[in-house]
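Chemist: Heads up: the sequence shown is residues 1 to 175, going by the UniProt record's numbering.
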Amino acid sequence: MIEVAPGTIVAVLGHDGAPARAVRCFAGRGYVPPGRRVFGSLTVEENLAVGAYGRPKRYDRVYDRFPRLRERRRQRAGTLSGGEQQLLVIARALMGEPELLVLEDPSAGLAPPAIQAVAEAIAGLTVLIADEHLALARAAAQRVVLVEGGTTIFDLPREEAFADVRLGSGFLSSG
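1. Put Glu-104 into one of helix, strand or coil per three-state DSSP.
2. What is the rounded straight-line gap between the Cα of Ala-108 and the Cα of Gly-35?
3. For the alpha helix (DSSP H) that Ala-112 lies in, which residues bound it at each end?
4. For Arg-70 versus Glu-84, is the C-beta distance shorter than 8 Å?
5. In the DSSP assignment, what residue or residues form a beta bridge with Val-32?
6. Secondary structure at Glu-132, three-state DSSP: helix, strand or coil?
7. Measuring CA to CA, which of Gly-149, Val-127, Arg-74 is closest to Gly-14?
8. Pick out whichever of Val-12, Ala-91, Val-50 has its Cα sitting closest to the Cα of Arg-61.
9. Find out if the Cβ-Cβ distance for the pair Ala-77, Phe-39 is shorter than 8 Å.
10. From which residue to which residue does the beta strand (DSSP E) around Val-165 run?
11. Classify Glu-104 as buried or exposed, calling it buried when 16 or more other Cβ atoms lie within 10 Å of its own Cβ.
12. Quick one, are the C-beta atoms of Ala-52 and Met-95 less than 8 Å apart?
13. Report the rounded CA-to-CA distance for Leu-80 versus Tyr-31, giving the unit in angstroms.
14. Ala-5: which of Val-127, Ala-163, Ala-119 sits nearest, CA to CA?
15. Using the rule of at least 16 other Cβ atoms within 10 Å of the residue's Cβ for burial, across every protein chain shown, is Ala-117 buried or exposed?
16. Taking all protein chains shown into account, do 16 or more other C-beta atoms lie within 10 angstroms of the C-beta of Asp-64, making it buried, or fewer, making it exposed?
17. Sorry if obvious, but does the Cβ on Thr-126 come closer than 7 Å to a heavy atom of the ligand COA?
18. According to the neighbour-count rule (16 or more other Cβ atoms, all chains shown, within 10 Å of its Cβ), is Val-147 buried or exposed?
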């Protein structure tokens, strides 16, 4: 079982869906599935309201973490860039105030600036990232767990993980 201490970000990396299978037991928390699933005809703020799950709508708390979304709060979600849509689905999950945020394949198709924006937005939160790409793990994770075929290959601090030859080129894409 993968443990995530409060306030830390752990990346589970691998290929052929191994990271997603490793974190499925965490689904139902603050879960962000693969793909940028926004309600395109709703505004940014209306998308966030959906994520509040009947809780008080604490937009300011989310907008402080995602200032780009504050600027676009009245804009239809379907007109946002891919990176902004990814920020929105993460922000929407945070509206439910989860203790743990699980991000499945969050960096797929994102350009480096969008990946950096995601890394900055999740800093300081308790996050479990399941990804087949290295870029977000490199930018945000304190720990990296490498899985292959259902087996944990290693669980290391970020610096040690990225120095390990098993994360070499060809095993995982770079982002």
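Cβ atoms here follow ideal geometry from the backbone N, Cα and C, with glycine treated the same way.
Modeler: Let me lay it out:
1. Here residue 104 refers to the residue found at position 104 when the sequence shown is read from its first residue. Correct three-state label for Glu-104: strand.
2. Position 108 of the sequence shown, counted from the start, is the residue given in the question as residue 108. Position 35 of the sequence shown, counted from the start, is the residue given in the question as residue 35. So the two alpha carbons sit approximately 8 Å from each other.
3. On the sequence shown, position 112 is the one that residue 112 refers to. Correcting the residue type first, residue 112 is Pro in the shown sequence and not Ala. It spans 112-122 - the alpha helix (DSSP H) in which Pro-112 sits, taken as one unbroken run.
4. Here the question's residue 70 lines up with position 70 in the sequence shown. Here the question's residue 84 lines up with position 84 in the sequence shown. Contact: no.
5. By 1-based counting over the sequence shown, the position of residue 32 is 32. DSSP, once it has assigned bridges, lists Leu-103 as partnering Val-32.
6. As a first step, residue 132 must be located in the sequence shown, where it is residue number 132. Correct three-state label for Glu-132: coil.
7. Your numbering for residue 14 matches position 14 in the sequence shown. It is Gly-149 whose Cα lies nearest to the Cα of Gly-14.
8. One-based indexing of the sequence shown puts residue 61 at position 61. Nearest of Val-12, Ala-91, Val-50 to Arg-61, Cα basis: Ala-91.
9. Here residue 77 refers to the residue found at position 77 when the sequence shown is read from its first residue. Here residue 39 refers to the residue found at position 39 when the sequence shown is read from its first residue. Yes, they are a contact pair.
10. As a first step, residue 165 is located in the sequence shown; it is residue number 165 there, counting from the start. From DSSP, Val-165 is part of no beta strand (DSSP E); its letter is neither H nor E.
11. For the purposes of this step, residue 104 is identified with residue 104 of the sequence shown, where counting begins at 1. By the 10 Å Cβ count, Glu-104 comes out buried.
12. Here the question's residue 52 lines up with position 52 in the sequence shown. Here the question's residue 95 lines up with position 95 in the sequence shown. Yes, these two residues count as a Cβ contact at 8 Å.
13. Numbered from 1 along the sequence shown, position 80 holds the residue referred to as residue 80. Numbered from 1 along the sequence shown, position 31 holds the residue referred to as residue 31. Their Cα atoms are separated by approximately 21 Å.
14. Along the sequence shown, one-based indexing puts residue 5 at 5. Closest option to Ala-5, Cα to Cα, is Val-127.
15. In the sequence shown, residue 117 corresponds to position 117, counting from 1. So Ala-117 ends up on the buried side.
16. One-based indexing of the sequence shown puts residue 64 at position 64. The residue in question, Asp-64, is exposed, as its Cβ has fewer than 16 Cβ neighbours within 10 Å.
17. Only the bare structure without any ligand can be found here, which leaves the ligand COA out of the picture.
18. Reading the sequence shown from its first residue, position 147 is the one you call residue 147. Result: buried.
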